[in-house]
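K.L.:
Count along the sequence shown starting at 1, add 455, and that's the number in my numbering.
Quick reminder that beta carbons are idealized off the backbone N, C-alpha and C, glycines included.
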Amino acid sequence: DFRMVTILRTLYAYRTLLSDDTLARIKETVLSFKYWMDEPGEDTMCYWSENHQIIFHSCEYLAGQYYPSEIFTNTGMTGQAHMEKARPKILRWLSYRWTYGFTEFHSNVYYEEDIAPLANIVNFSKDQEMTAKTKIIMDILFLDMALHSHRGLFAAASGRCYEEEKTDPRQQFTLDMSEKLSGYGNIDDYDYPRLSANFILCQNYEIPAVIRDIARDESNVEIKDSMGLDLSEIKREFDDTKDIDTTGMYLWAMEAFTNPESIEMALTVFNAWRLQTNGFLRDLRMVNIPILRKLHLLPFIVRVLRPATNGIAIQRADTYTYKTARYMISTAQAHHPGFFADQQHIWQLTLSPDVSVFTTHPACEFFDDQARNFSPSYWVGSGRLPHSFQHRNVHVSIYRITGRKGFLERTLNYFTHAWFPREKFDEVIHHGRYIFGRLGDTYVALIGANPLQYKEGSDTDLLQMGRITYWVCEVSTGGGFIAFIKEIESRKISFDGRTLGYQTAEGEMKLRYKGDACVNGERMDTKYPRLDTPYVKAPRKPAELSIRLDRKRLYLHFDKMIREEETV
């Protein structure tokens, strides 16, 4: 499907440059392609995650629009019939992104896969409603990037993030998009072989001026946002919890397969669309037992087994990001502590293209085949998620690696670790369970419950042994590095295994594992509205958005298809 996106752009935009033989090959490919899981053919394509859904649907629609009267050989349907099949799926996908935000929240990998099909819709669709709503969702995507970027580096807490993008922001899949958005010069030229070239070449969309200004605003700002749904919220958000196209595909966009709340729907889809030979899904066969389905015993069974695959599901994220001209630090607040995590990235401090800091609990692979074993892993995802909390420039995480292993979980590591690239800092000082880094006049303190030590032979992998531990990260600018170190080491820290107290310059932060987070005795609400920022505020499931910075404004109303820019 990634290739089909670009094949269709080539067909629409560059047909006159192609030979007759190439055009014939493209036509055969387009007419014989499998555009959705319910169509004939066995394969191991991934259709269901948030980005893949819009890729397949947009490809089906645009293929049908280009060949409306032709018979598509895999299905026997006309192009017109494929358009009619894909259109409601596209509009539904767009509506969910407006209502709930992106399930793959703040993903500097998969936003590239979202933007390419959206750009193709805007560029080539003749459907005015679809085009208008797609432009609005593109605005939302770039607003999200603008809010969570530091000098053109999109490096916030994320629903899906890989090792290279965490440790080296210049490896982000979205880097070309970021350059188009903010122009910080992190690339020399656009990388046209990338999928995002479909956006770079898009002629019918311009990033609104106010969003570009937000991306370049270097004021000290707090950004709070909420994306996606928890599995516990699904029942009240969907009218028919047994409908495959609505509830089912939202759950599959979350990649919720083996969770108690989703296992019955997963097997409904699995059997209805004959997905037993799909390499990503074949292990569902072990629970695909008719008597268990009939007696509705599967939710109980997976609660008892606690399969590690439950962590693949990307649930609601309430993210807090603090930005200054020198750094950005971002945390998914209280994000399912103690749960498994496949690719979720809970927090990160970004100082420069060379220096980022974050922690994880290393996970162990639980599949045998290489295709599915890239996550969770040593740096990607987590064996167990921490209870994390951030207030302004201070982040705290409590890790409790306790209890039994989950089903499929082969090993449970009893240590956590930090990415702290000491060779990339201008100066590093290490005192037992404290480590300090200086980059220019920006200073970072990382504190553990137990002594910190670099893994043998590594200058980046900072280990902390123990089943019940914490990490504190504080970042500051100016005032002198030695003074900063002395100040941090004088701070009072208390920890009883569940409650962490840390004295900051502004007062005491206190975090209770799976409990409250408090600052100066005041309980902090970490369940956020859809957007709470200096530029735009909106409740969950907003009807409209009004985005402002200085004299520039963008007004968006999805249902009414209103998209208005103005200077006031």
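Once DSSP output is grouped into helix, strand and coil, what is the label at Ile801?
P.N.:
Coil at Ile801, not helix or strand.
K.L.:
Identify which residue in Ala818, Asp809 and Leu901 has its Cα closest to the Cα of Lys879.
P.N.:
Nearest option by C-alpha distance: Asp809.
K.L.:
Is it buried or exposed, His751, if we count other Cβ atoms within 10 angstroms and call 16 or more buried?
P.N.:
Exposed, since its Cβ has fewer than 16 Cβ neighbours within 10 Å.
K.L.:
Please give me, in chain order, every unbroken run of the beta strand (DSSP E) with length at least 3 that falls completely inside the segment 988-1020.
P.N.:
Within the segment 988-1020, the complete beta strand (DSSP E) runs of at least 3 residues are 1000-1004 and 1007-1012.
K.L.:
For a quick check, are the C-beta atoms of Gln520 and Met538 less than 7 Å apart?
P.N.:
Going by C-beta atoms, Gln520 is nearer than 7 Å to Met538.
K.L.:
From Leu722 to Asn733, what does the alpha carbon distance come to, in whole angstroms?
P.N.:
Rounded to the nearest angstrom, the two C-alpha atoms are 13 Å apart.
K.L.:
Could you have a look at Trp834 and say whether DSSP puts it in helix, strand or coil?
P.N.:
It is coil, neither helix nor strand.
K.L.:
Three or more C-beta pairs closer than 8 Å, one from the segment 666-683 and one from the segment 577-588: is that the case here?
P.N.:
No contact exists between the segment 666-683 and the segment 577-588.
K.L.:
Could you tell me how far apart the beta carbons of His842 and Leu686 are, in whole angstroms, since I believe they sit closer than 8 Å?
P.N.:
Rounded, the Cβ-Cβ distance is 19 Å, inconsistent with contact.
K.L.:
With contact counted as at least three CB pairs below 8 Å, one residue from each stretch, are the segment 496-506 and the segment 699-718 in contact?
P.N.:
Because the criterion of three Cβ pairs below 8 Å is met, the segment 496-506 and the segment 699-718 touch.
K.L.:
Are at least three pairs of beta-carbons, each pair with one atom in the segment 685-704 and one in the segment 765-784, less than 8 Å apart?
P.N.:
Verdict: yes, contact present.
K.L.:
Alpha carbon to alpha carbon, how far is Cys616 from Cys514? Give it in angstroms, no decimals.
P.N.:
Each residue's alpha carbon lies about 25 Å from the other.
K.L.:
List the DSSP bridge partners of Trp553.
P.N.:
DSSP lists no partner for Trp553.
K.L.:
Starting from the Cα of Pro543, find the closest Cα among Thr701, Glu999, Thr499 and Trp834 and give me that residue.
P.N.:
Selected option, being the one with the closest Cα: Thr701.
K.L.:
Kindly give me the distance between the Cβ atoms of Pro495 and Thr530, rounded to whole angstroms, as I take these residues to be in contact under 8 Å.
P.N.:
Pro495 to Thr530, Cβ: 7 Å. Contact.
K.L.:
Please indicate yes or no: does the CB of Asp738 lie closer than 6 Å to some heavy atom of the ligand ZN?
P.N.:
Inclusion of the ligand ZN in the displayed structure is not the case, the ligand content being empty and no account of it being possible.
K.L.:
In this structure, how does DSSP classify Ile662 when only helix, strand and coil are distinguished?
P.N.:
Reduced to three states, the DSSP call for Ile662 is coil.
K.L.:
Pairing CB atoms from the segment 896-908 with CB atoms from the segment 916-929, are three or more of them under 8 Å?
P.N.:
Yes: the two stretches touch, three or more of their Cβ pairs being nearer than 8 Å.
K.L.:
Grab the span of the beta strand (DSSP E) containing Lys489 for me, first residue to last.
P.N.:
First-last for Lys489: undefined, no H or E at that position.
K.L.:
If we call anything under 7 Å between Cβ atoms a contact, is His872 one with Ser613?
P.N.:
No. Outside cutoff.
K.L.:
In the DSSP assignment, what are the bridge partners of Arg606?
P.N.:
For Arg606, which the question treats as bridged, DSSP gives no partner whatsoever.
K.L.:
How big is the Cα-Cα spacing for Asp916 and Thr477?
P.N.:
The straight-line gap from Cα to Cα measures roughly 49 Å.
K.L.:
Could you tell me whether the Cβ atoms of Leu867 and Pro792 are closer together than 7 Å?
P.N.:
The answer is no: Cβ separation not under 7 Å.
K.L.:
Tell me whether the beta-carbon of His846 lies closer than 7 Å to the beta-carbon of Val974.
P.N.:
Yes.
K.L.:
Tell me the DSSP secondary structure of Thr871 in three-state form.
P.N.:
In this structure, Thr871 counts as strand in the three-state DSSP scheme.
K.L.:
If I follow the unbroken beta strand (DSSP E) through Asp631, where does it start and stop?
P.N.:
Looking at the DSSP string, Asp631 is not in any beta strand (DSSP E); the run it does join, the alpha helix (DSSP H), is Leu630 to Ser637.
K.L.:
Using only alpha-carbon positions, find the residue among Glu820, Ser807, Leu806 and Trp802 that is nearest to Thr814.
P.N.:
Checked all of Glu820, Ser807, Leu806 and Trp802; the closest Cα to Thr814 is Trp802.
K.L.:
Pick out the complete alpha helix (DSSP H) segments inside the segment 716-776, 4 residues or longer, and give them in chain order.
P.N.:
Those alpha helix (DSSP H) runs which fall completely within the segment 716-776 and span 4+ residues are 718-727, 745-749 and 753-760.
K.L.:
Would DSSP call Ile890 helix, strand or coil?
P.N.:
Of the three classes helix, strand and coil, the one that applies to Ile890 here is strand, per DSSP.
K.L.:
So who's on the other strand from Thr932, going by DSSP bridges?
P.N.:
Beta-bridge pairing links Thr932 to Thr897.
K.L.:
Report yes if the CB atom of Met682 is closer than 7 Å to the CB atom of Phe870, and no otherwise.
P.N.:
Against a cut-off of 7 Å, the Cβ pair of Phe870 and Met682 comes out as no contact.
K.L.:
Leaving out five residues on either side along the sequence, give the residues of the same chain with a beta carbon under 7 Å from the beta carbon of Thr764.
P.N.:
Here the set comprises Phe712, Thr713 and Leu863.
K.L.:
Which runs of the alpha helix (DSSP H), 4 residues or longer, sit entirely within the segment 529-593?
P.N.:
List check, alpha helix (DSSP H) in window: 534-555 and 566-579.
K.L.:
Determine the contact status of Asn675 and Ala574, defining contact as a CB-CB distance below 7 Å.
P.N.:
Taking 7 Å as the Cβ cut-off, Asn675 and Ala574 do not qualify as a contacting pair.
K.L.:
Is the CB-CB distance between Ile678 and Thr776 below 7 Å?
P.N.:
Yes, Cβ-Cβ distance for Ile678 and Thr776 is below 7 Å.
K.L.:
Which one or two residues does DSSP pair with Ala938 in a beta bridge?
P.N.:
Answer is none; Ala938 lacks a bridge partner.
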